[in-house]
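Last residue of the sequence shown: number 703 in our numbering, and the count goes up by one each step with no gaps.
Glycine residues also receive a C-beta, built at the ideal position from the N, C-alpha and C atoms.
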Amino acid sequence: MNGAESLVATLVDSGVTTCFSNPGTSEMHFVAATDKIEGMRVILCLFEGVVTGAADGYGRMKGAPAATLLHLGPGLANGLANLHNARRASTPIVNIIGDHATYHGQYDAPLTSDIKGFAAPVSGWIHTSTSAKTVATDGARAVAASMQGLGQIASLILPADTAWQEALGPAQPIQRPTLPQADHRAIDAAAQLLQSGKKAVLMIGGSALYGEGLANAGRVAEATGARLMCPTSNGRRERGANRVPVQPLPYFSEQIEAELEGVEAIVFAGAKPPVSFFAYPGKASWLTPENSEIVYASHGHEDTADALDRLADAVGAASAPTVLTDRKTQLPSDTNKLDQVSAGQIIAHFLPEGAIVSDEANTSGIAPAQATATAAPHDWLSVTGGSIGQGLPVATGAAVACPDRKVICLHGDGGAMYTLQSLWTQAREALDVTTVIFSNRSYAILEIEFNRVGVGSPGPTARSQLELTNPDLDWVKLSEGMGVPATRACTTREFREQFERCMNTQGPHLIEVDLQ
188 MNGAESLVAT LVDSGVTTCF SNPGTSEMHF VAATDKIEGM RVILCLFEGV VTGAADGYGR
248 MKGAPAATLL HLGPGLANGL ANLHNARRAS TPIVNIIGDH ATYHGQYDAP LTSDIKGFAA
308 PVSGWIHTST SAKTVATDGA RAVAASMQGL GQIASLILPA DTAWQEALGP AQPIQRPTLP
368 QADHRAIDAA AQLLQSGKKA VLMIGGSALY GEGLANAGRV AEATGARLMC PTSNGRRERG
428 ANRVPVQPLP YFSEQIEAEL EGVEAIVFAG AKPPVSFFAY PGKASWLTPE NSEIVYASHG
488 HEDTADALDR LADAVGAASA PTVLTDRKTQ LPSDTNKLDQ VSAGQIIAHF LPEGAIVSDE
548 ANTSGIAPAQ ATATAAPHDW LSVTGGSIGQ GLPVATGAAV ACPDRKVICL HGDGGAMYTL
608 QSLWTQAREA LDVTTVIFSN RSYAILEIEF NRVGVGSPGP TARSQLELTN PDLDWVKLSE
668 GMGVPATRAC TTREFREQFE RCMNTQGPHL IEVDLQ
């Protein structure tokens, strides 16, 4: 058994049974090992940003890591944007990054680079294997490291000779680390503040946005009268009917300031104080009200679900929340204009129970997000790090992690061009993903930001950098070229018929919503 075979066997034994792959020469022994070692599902992606984004979507829904297989420093660098998003989402991922043989680096071959330098900003753990005899143990350590806290990125650099030389065999899996509990003094302080009579907000994030964490947050909010809120973007959030309602912060800084005006106390549980997405001339960056008292019931690396359970007991909350979202949807008339409002109503009405929504609709996603808040129960996956091109790959990975659940990807046309290769992987793997492309033929958010930063109205040269015209993108042809059946909706009736059909059929589909 060589080093690569011992590594694949160790990953499988450690519960890492899916690998999103874009290999090169240095990874060929790992590729060969996937033929010899049973239990690893390998999924080819045609761009490294799809590899890393799919691993992110998989990890968010699975709560356990997938592996990536990346080709040296440039391959890793191609995937960094979605690793940035995954880091912000606290997603567990094990990166396997091939490298030149240990003795070859001295010759400065064309692909030689500072792999650790590329990996460091997005990785919570980095290690370079130095011997085939330690590769398996290194792999077990990488899996355990990826499960620290809610999750993090563990990057294992695998020189080619450590993959092809003789190894000692697979290593024993390392037990998953347990989440540390929040300090009892933090719980006491949070309870005291929430019961002080001040106008309070309970700001939750991480594991407080789904499962027992969300239920416990609802218990606390009901018992104390605190408003239950969450950050604008979150790695995973349970929403819809029979779920505890949580109000997300809006996007723009002045909107957040208005939303929090008059708040005297904020208890954070698995979340951080809100800050402006960007700096703007004359606008605030720190958005917590100046005179508001802040207490942290738990931090992101701690067991927030447990902290909220203890906090609920401390404030005398009921054993289960009773304020839950009622299911309420409304279909628009077929004669209504097709826009994000009518499209959002249709999506909400036909959204199946247990669906997973990967949202990168950006400016076209405001109305769909509002409409689906009272739709059938579902999970919502956001762009956590602000780096666009995440929606399609995250939907791909979520569909691999949860093959029995319908996945819907809501995407702006500009961002979707970053990682449209995801469609090919969806077709190849027959993944049940319906992609809705909101085609407004522009980077509409940049048009808004252009005005917000105070540089006036865009002239012809500036506007040419904000518009996606001349030529127009044809998403039906792009999708069909990747093997995914596609249709275009120009009217509300067309979109209603097409989306309903997709919700009642299996496999990948794409609908281009023409907003012109």
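Which of helix, strand or coil DSSP assigns to aspartate 222: helix
Alpha carbon to alpha carbon, how far is glycine 256 from alanine 264? According to the sequence displayed, residue 256 carries leucine and not glycine. Answer to the nearest angstrom: the Cα atoms are 13 angstroms apart.
Between glutamine 557 and threonine 516, what straight-line distance do the alpha-carbon atoms span, to the nearest angstrom? Cα atoms of glutamine 557 and threonine 516: separation of roughly 11 angstroms, rounded to the nearest angstrom.
Going by other Cβ atoms of all chains shown within 10 Å of its Cβ, with 16 needed for buried, is glutamine 442 buried or exposed? exposed
Please classify tyrosine 290 as buried or exposed, where buried requires at least 16 other C-beta atoms within 10 Å of its C-beta. exposed
Of the residues Ala347, Ala242, Thr678, which one's Cα is nearest the Cα of glycine 422? Ala242
Does valine 528 come out as helix, strand or coil in the three-state DSSP assignment? helix
Does the distance between the C-beta of isoleucine 543 and the nearest non-hydrogen atom of the ligand SAM fall short of 7 angstroms? The ligand SAM is not part of the structure shown, which contains no ligands of any sort.
Contact under 8 angstroms by Cβ, isoleucine 715 with alanine 254: Given a span of 188 to 703 for the chain in the structure shown, any question on residue 715 remains unanswerable.
Could you say which of Leu194, Asp591, Asp295 lies nearest to histidine 287 if we only look at CA atoms? Checked all of Leu194, Asp591, Asp295; the closest Cα to histidine 287 is Asp295.
Let's test the definition: count the other Cβ atoms within 10 Å of the Cβ of asparagine 638 and tell me whether it reaches 16, buried, or not, exposed. exposed
Run of the alpha helix (DSSP H) containing serine 485, from where it starts to where it stops: That residue, serine 485, is in no alpha helix (DSSP H); its beta strand (DSSP E) goes 480 to 485.
Leaving out the 5 sequence neighbours to the left and right, which residues in its chain are closer than 6 angstroms to aspartate 348 when beta-carbon positions are compared? Ala288, Thr289
Sort Asn189, Leu665, Leu447, Asp701 by Cα distance to threonine 679 and report the nearest one. Asp701
State the Cα-Cα distance for the pair asparagine 657 and serine 651, rounded to the nearest angstrom. 9 angstroms
Please go through the region 392 to 431 and give each complete alpha helix (DSSP H) segment of 4 or more residues, from N-terminal end onward. With a minimum length of 4 residues, the unbroken runs of alpha helix (DSSP H) contained wholly in the region 392 to 431 fall at 398 to 411.
Which term fits phenylalanine 217, buried or exposed, when burial requires 16 or more other beta carbons within 10 angstroms of its beta carbon? With 16 or more other Cβ atoms within 10 Å, it is buried.
Who are the Cβ neighbours of proline 357 in its own chain at under 7 angstroms, not counting the five residues just before and after it? Ser193, Ala196, Thr197, Asp200, Ala323
Where do the ends of the alpha helix (DSSP H) carrying glutamate 235 lie? 235 to 249
Selection from Trp312, Val581, Leu343, Ala376 that minimises the alpha carbon distance to tyrosine 483: Ala376
Pick helix, strand or coil for alanine 555, following the three-state DSSP scheme. Per the sequence shown, the amino acid found at residue 555 is proline instead of alanine. Here proline 555 sits in helix by DSSP.
Excluding five sequence neighbours on each side, which residues of the same chain lie with their C-beta closer than 8 angstroms to the C-beta of serine 277? Gly336, Leu337, Gly338, Gln339, Gly393, Gly422, Gly487
Taking its Cβ as the centre, do 16 or more other Cβ atoms sit within 10 Å of lysine 249, making it buried, or is it exposed? buried
Which residues share a DSSP beta bridge with histidine 696? Per DSSP, Thr621.
Short check: CB of proline 695 to CB of valine 620, under 8 angstroms? yes
Residues bridged to cysteine 596 [DSSP beta-bridge criterion]: Ser545, Thr622
Taking the DSSP output, what are the residues bridged to alanine 673? Leu697
For phenylalanine 686, does the count of other Cβ atoms within 10 angstroms reach 16, so buried, or fall short, so exposed? In the assembly as shown, phenylalanine 686 is a buried residue. Its beta-carbon has 16 or more other beta-carbons within 10 Å.
Give a yes or no on whether the C-beta atoms belonging to glycine 427 and threonine 512 are separated by under 8 angstroms. yes
Straight-line Cα distance separating leucine 380 from serine 506: Between serine 506 and leucine 380, the C-alpha separation is close to 21 angstroms.
Have a look at Met188, Val431, Ser316, Thr550 and flag the residue whose alpha-carbon is nearest the alpha-carbon of isoleucine 224. Met188
To the nearest angstrom, report how far apart glutamate 448 and leucine 474 are at their CA atoms. C-alpha separation (whole angstroms): 10 angstroms.
Under 6 angstroms Cβ to Cβ from glycine 531, same chain only, skipping five residues before and after it: list those, please. Listed in chain order, the non-local C-beta contacts of glycine 531 below 6 angstroms within the same chain comprise Ala554, Pro555, Ala558, local neighbours out to five positions each way being set aside.
I need the straight-line Cα distance from alanine 585 to serine 383, nearest angstrom please. 42 angstroms
When we look at the beta-carbon of threonine 212 and count the other beta-carbons within 10 Å, is it buried (16 or more) or exposed? Exposed, because fewer than 16 other Cβ atoms sit within 10 Å of the Cβ of threonine 212.
Taking the C-alpha atoms as reference points, what is the distance between arginine 514 and valine 433? 15 angstroms
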